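Chain order of the listed sequences is A and B. Start counting the first sequence at 270; every next residue gets the next number (the numbering used here). Start counting the second sequence at 270; every next residue gets the next number (the numbering used here). A short worksheet on the structure shown next.
There are 2 protein chains.
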Amino acid sequence: MKNFLRNFILFCTLAFFISSCQHDSPETSTKTAGDSTAKVKDPLPSWNDPLKKDIMDYVEKVSKEGSPDFVPVKDRIATFDNDGTLWAEMPLVQELFAYYRVRKMVTANPALAKKQPFLAVVTKDKAYFEKGGEKALVQLVAATHTGMTEDQFEADAKDFFASAVYPGRNVPLSKIVYQPQLELLAYLRANGFMTYIVTGGTIELVRAISDTLYGVPKNQVVGTTFKYAFVDSNRSILREPAIDLLCDKAGKPVGIQVHIGQRPIFSAGNERSSGDIEMCKFCQGNHYPSFQMIVNHNDSLREYYYQEKDSASLKAAVQNKWHIMNMKEDWKTVFPQ
Amino acid sequence: MKNFLRNFILFCTLAFFISSCQHDSPETSTKTAGDSTAKVKDPLPSWNDPLKKDIMDYVEKVSKEGSPDFVPVKDRIATFDNDGTLWAEMPLVQELFAYYRVRKMVTANPALAKKQPFLAVVTKDKAYFEKGGEKALVQLVAATHTGMTEDQFEADAKDFFASAVYPGRNVPLSKIVYQPQLELLAYLRANGFMTYIVTGGTIELVRAISDTLYGVPKNQVVGTTFKYAFVDSNRSILREPAIDLLCDKAGKPVGIQVHIGQRPIFSAGNERSSGDIEMCKFCQGNHYPSFQMIVNHNDSLREYYYQEKDSASLKAAVQNKWHIMNMKEDWKTVFPQ
């Protein structure tokens, strides 16, 4: 459990004190006037061939009754990672939320600003977290994400999303989702797929926006989960400062089994921290024909350029014949206009 | 965790060595010739007023657009306990499955019959479990429900349900579900409700039959969950001999929060072991108008008569103004014909 918590903290705060360093160029668009008619017919207008064709060929063969590869609707499960797969992760939104919570808590109780770990955040004291390591970070997440009821947390998450602006881009968070993935989610659903988000982020934070941003209802979000306790006196769920499921790496198939109860036939993740390899492997273990995709962040102009040190995700993709989605080449547009 | 496991074991095995003692009378039916037309119009033909009217009044007021009590479809969540609420629990099906697993394991490896806890089951040695207490029972559940992959477990559960016969009644398990509840589930779904099973039983065992018996897909089953581990070498989930969530009492709201992410507006449980009180309280804490129901097993002729020692569930129902469903009076029919 302690190991889980450490990994989670490391995962969530990897970029905590790393300044964002990417270009802030506006997204380019190859759309031209008169595209609208074509878009009605084309479910994936922001995707380029050959990957686009691969996706559509797959979806058609598993959706078409009578096809030798037909998959019944109840088994058409698609699982998408969130950070870096459905929206930008430089920085992680989870990190922005932790900052927001610190600011709010310090405003409500200014004395907190003199106490750690709040003091370190307020004064941007990187050394405190470098020196304090795991213990200081556990303290920060525990202080900002837990210790309140679920209802209170949800109200706070709602407030955060209503006003949050993405650093470096100066846009609301609805503008850092990937337009091509919105098209893909809608296309899969139109073909009978149930689309799930399977995220390393904390489950209730993603649930706060999953329906609005992605059309994914709360009960189709699987994510990192804190321990909960039911409090009889106020009939509420208390969020406790301990992780129940770290929904990353091998935790993703576990979360899928617990929440969905079956293997997906379609999985999409991204390279950065090898967090989605096991989910894709679990998906590929399905007895039905399946499809896996790893997003490669190779687009320094329209999004961000970052690569895994050991290239584990891309190597796994090549080795297992998963599709690599090179953002620079495979997407016509990155962000919604 | 140990406490959890102990409670779970006690829960699952309460009736383990208690002989079933109820009447085996065939279910009575008040249906007469010519009922079929009326049944088409009546969504709850096996229910009697006034409870039937209360249910329908509630469903109508929350489903009718423009009603002051209208609840949007996305928030129309109904949660049903399984054992004793949707099907009979004398004995628990979970218990029958444990026996089945013992028989199967001993057949495959006869030497097991000489080892505990298999020996005690094979020789019906009640004293062994009485004397061995928790330790012996943990050993039995661990040996029969875990230590295999999820795929292997599911195949076994499927085999079990294909051939299982309910003791005392001599019918397949599809005949111990409650006909009125099948009607209620269908009626709620027809009115935009998402129907969930929230069971103290182990999640994957219930998922094996939830769709076939109740029309509830796997991903709408919340239940007691073992620890899972993803095994890279065979890309499978291994079931480990430890409980992750005991989905009973205060564990039910927790399971609901993790899986569904919001409070239900309709909850149904039963008296026997006060397992559904917290679920009903959590439901009643919804800011929308809500409905709670406790099944009272007071029908010794058509089903079984059993009451909680301290009447906690029925007392909680009275105190909180939940509906009590007295099987003898409120149901025209108990089991499907």
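For every residue, glycine included, the Cβ atom is placed at its ideal position computed from N, Cα and C. These numbers were taken from a predicted model, which means no experiment stands behind them.
Reference residue i, options the options, closest by Cα
i	options	result
A519(A)	M562(A), T481(A) and T468(A)	T468(A)
K496(B)	P441(B), S559(B) and T471(B)	T471(B)
S505(A)	T413(A), Y368(A), A382(A) and M417(A)	M417(A)
N539(A)	Q421(A), E572(A) and T354(A)	T354(A)
I466(A)	E509(A), A537(A), D428(A) and K400(A)	A537(A)
P441(B)	V410(B), F462(B), I478(B) and E419(B)	I478(B)
V587(B)	P312(B), N565(B) and M359(B)	N565(B)
Y447(B)	N351(B), R372(B), E423(B) and V362(B)	N351(B)
M463(B)	V362(A), N488(A), L381(A) and K330(A)	N488(A)
D599(B)	D311(B), D318(B) and A455(B)	D318(B)
I445(A)	G554(A), D425(A), F366(A) and L361(A)	L361(A)
Distance cut-off 8 Å: residue i Cβ against heavy atoms of the ligand MG
i	result
S569(A)	As presented, the structure is devoid of all ligands, the ligand MG included, so that no description of it is given.
Neighbour list for residue i in chain A, Cβ cutoff strictly below 7 Å
i	result
P522(B)	F499 and I506
Min CB distance residue i to chain B below 9 Å
i	result
P449(A)	no
F551(A)	yes
H566(A)	no
D428(A)	no
I219(A)	No information on residue 219(A) is available, as it lies outside the stretch 270 to 606 that chain A covers here.
M463(A)	yes
E334(A)	no
E399(A)	no
G544(A)	no
K300(A)	Its pLDDT being 40, under 50, K300(A) is placed unreliably in this model, and the coordinates cannot settle the point.
A581(A)	no
E473(A)	yes
D394(A)	no
Chain-ordered chain B contacts of residue i [CB-CB under 9 Å]
i	result
K343(A)	D480, P486 and K487
G469(A)	In chain order: nothing, as chain B lies at least about 15 Å away.
Element boundaries [alpha helix (DSSP H), containing residue i]
i	result
H528(A)	G520 to H528
R508(A)	First-last for R508(A): S505 to L514, but that is the beta strand (DSSP E), not the alpha helix (DSSP H).
Q363(A)	V362 to A377
M596(A)	M596 to D599
S582(B)	A581 to N589
Between the CA atoms of residue j and residue i - distance to the nearest angstrom
i	j	result
L326(A)	K584(A)	According to the sequence displayed, residue 326(A) carries Asp and not Leu. Their Cα atoms are separated by approximately 24 Å.
I346(B)	G402(B)	39 Å
Y397(A)	F387(A)	11 Å
R541(B)	K521(B)	16 Å
V475(B)	M594(B)	23 Å
M374(B)	P486(A)	42 Å
H528(B)	D545(A)	21 Å
L451(A)	T415(A)	31 Å
Q385(B)	A511(B)	19 Å
Q526(B)	E473(B)	19 Å
T392(B)	R458(B)	46 Å
G530(A)	N439(A)	40 Å
N460(B)	F349(B)	16 Å
L365(B)	T413(A)	46 Å
Boundaries of the beta strand (DSSP E) in which residue i is found, first to last residue
i	result
I472(A)	Segment I472 to I478 is the alpha helix (DSSP H) holding I472(A); no beta strand (DSSP E) there.
V490(B)	V490 to V500
Q561(A)	F560 to N565
I346(A)	I346 to F349
A389(B)	Here A389(B) belongs to no beta strand (DSSP E); instead the alpha helix (DSSP H) covers F387 to V391.
A433(A)	Run containing A433(A): none; DSSP gives neither H nor E here.
Contacts that residue i makes with chain C (C-beta to C-beta distance below 7 Å)
i	result
V587(A)	Absent from the structure is chain C; the protein chains it does hold are A and B.
CB contact check: residue i to chain A, cutoff 9 Å
i	result
N503(B)	yes
I534(B)	no
A609(B)	Past the edges of chain B, shown from 270 to 606, lies residue 609(B), and the structure says nothing about it.
T493(B)	no
Q538(B)	The sequence given here places Gly at residue 538(B); Gln does not occur at that position. No, because no Cβ of chain A sits closer than 9 Å to the Cβ of G538(B).
G669(B)	Nothing can be reported for residue 669(B), as the shown portion of chain B is limited to 270 through 606.
D318(B)	no
V490(B)	yes
D425(B)	no
D311(B)	no
D513(B)	yes
Listed by chain order, chain B residues near residue i by CB distance under 7 Å
i	result
Q526(A)	E419, Y497 and I506
R476(A)	G530
Within chain A, the residues that residue i reaches when beta carbons sit closer than 8 Å
i	result
E547(B)	F499 and D501
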